[in-house]
Every structure is written in structure tokens, then in C-alpha cells.
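Have a look at the structure below before the remarks.
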Amino acid sequence: VQLVESGGGLVQPGGSLRLSCTASGNFLRIGNMGWYRQAPGKQRELVATVTSAGSPNYADSVKGRFTLSRDNAKKSVYLQMSSLKPEDTAVYYCNARVIFLVGENDYWGQGTQVTVSS
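Taking the numbering used here, the leading residue of the sequence shown gets 1, the next gets one more, and so forth.
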């Protein structure tokens with residue numbers, strides 16, 4: 001199973017970015033899917049996740065600014081980030097709970113850097 005991320009980069013405060021993550025491999029289906037982030041010197045933290053039914057959950061710090069969406073047919077999840085702040089600077093990691101015929105496991109993408117700076 002692979003999670004391939006794209007869309008990171010450098011943006012000015014107040015700007016927007018869209019992150020994408022697509023899963024590939026042999027599995028039955030994907031459960032929860034979403035994004036975490038890790039800033040230098042800090043622990044990895046939840047940004048937003050969405051269930052297979054499309055119900056999202058956001059960290060308080062991004063509510064009203066970030067929107068998470070999912071396309072089950074494309075095995076993809078998208079994070080639209082708006083009104084970005086310098087404190088949003090971090091490596092963003094895609095996460096998916098992948099379900100097999102027997103068992104399930106969490107997988108992570110390689111990470112994509114988001115830098116918010118003037």
C-alpha cells in the first residue's frame with residue numbers, strides 16, 4: 001500500500017494551498033483517511049480526518065480555515081487550506097486506515113512541506 005501526497009509549498013500568510021493524497025495497492029477498502037502535521041521540535045498532531053461515509057473531524061486550530069474532502073472512487077483525500085498562518089508551517093502527512101480481507105493497518109505518506117512565510 002502506498003500513499004502519494006502532493007500540493008505542498010511556500011505561501012504567504014493569508015494564502016491558500018491544496019494538498020492531495022491518493023492510495024494505491026491491493027486492499028479491500030479504506031476506513032478513516034486524513035492529514036496530520038509535524039512542526040520542527042513538536043509532536044505530530046491531527047489536522048483533519050474523514051470517515052469513509054464522509055464525516056469530517058478537524059483540529060480546533062484549523063476549524064473554519066481548512067476543508068477536508070474525500071473521493072472514495074479515486075481512493076483520495078484532499079485538504080483545502082485557506083487563511084494560512086505562519087503557525088501552520090509543518091510537514092503534512094497523509095494517513096489512511098487500510099482494511100484487508102483479514103485485518104487492517106495504518107499507513108502514512110512520505111510527507112509534504114508546507115511553509116507559510118512572507
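All C-beta atoms in this analysis are idealised placements derived from N, C-alpha and C, irrespective of residue type, glycine included.
This one's a predicted model, so the numbers in the text were calculated from it and none came from an experiment.
Beta-carbon spacing of residue i, residue j below 7 Å
i: Leu28; j: Ile99; result: yes
i: Gly109; j: Glu5; result: yes
i: Tyr107; j: Leu3; result: yes
i: Thr51; j: Asn32; result: yes
i: Ala126; j: Ala23; result: Any question about residue 126 goes unanswered here, given that the chain covers just 1 to 118.
8 Å contact criterion, which residue i and residue j should meet: CB distance rounded
i: Tyr78; j: Ser20; result: 5 Å
i: Val114; j: Pro13; result: Contact doesn't hold; Cβ gap of about 12 Å is too wide.
Range covered by the beta strand (DSSP E) that runs through residue i
i: Gly126; result: Not covered by the structure: residue 126. The range shown for the chain is 1 to 118.
i: Ser76; result: Ser76 to Met81
i: Gly34; result: Arg29 to Gln38
i: Leu17; result: Leu17 to Ser24
Which listed residue (the options) has its alpha carbon closest to that of residue i
i: Leu17; options: Gly25, Ala23, Gly8 and Ser24; result: Gly8
i: Pro40; options: Thr51, Pro86 and Pro56; result: Pro86
i: Asp71; options: Gln2, Ile30 and Gly25; result: Ile30
i: Gly34; options: Val102, Ser24, Asp88 and Tyr92; result: Tyr92
i: Ser69; options: Ala23, Lys63, Ser83 and Thr49; result: Thr49
i: Asp88; options: Tyr58, Asn26, Gly25 and Arg37; result: Arg37
i: Gly15; options: Asn26, Arg65 and Asn32; result: Arg65
i: Ala53; options: Gly111, Lys75 and Ser83; result: Lys75
i: Lys42; options: Leu101, Pro56 and Ala90; result: Ala90
i: Ser83; options: Asn57, Lys63 and Tyr58; result: Lys63
Helix, strand or coil at residue i [DSSP, three-state]
i: Asp71; result: strand
i: Pro86; result: helix
i: Ala53; result: coil
i: Gln43; result: coil
i: Leu3; result: strand
i: Gly14; result: coil
i: Val62; result: coil
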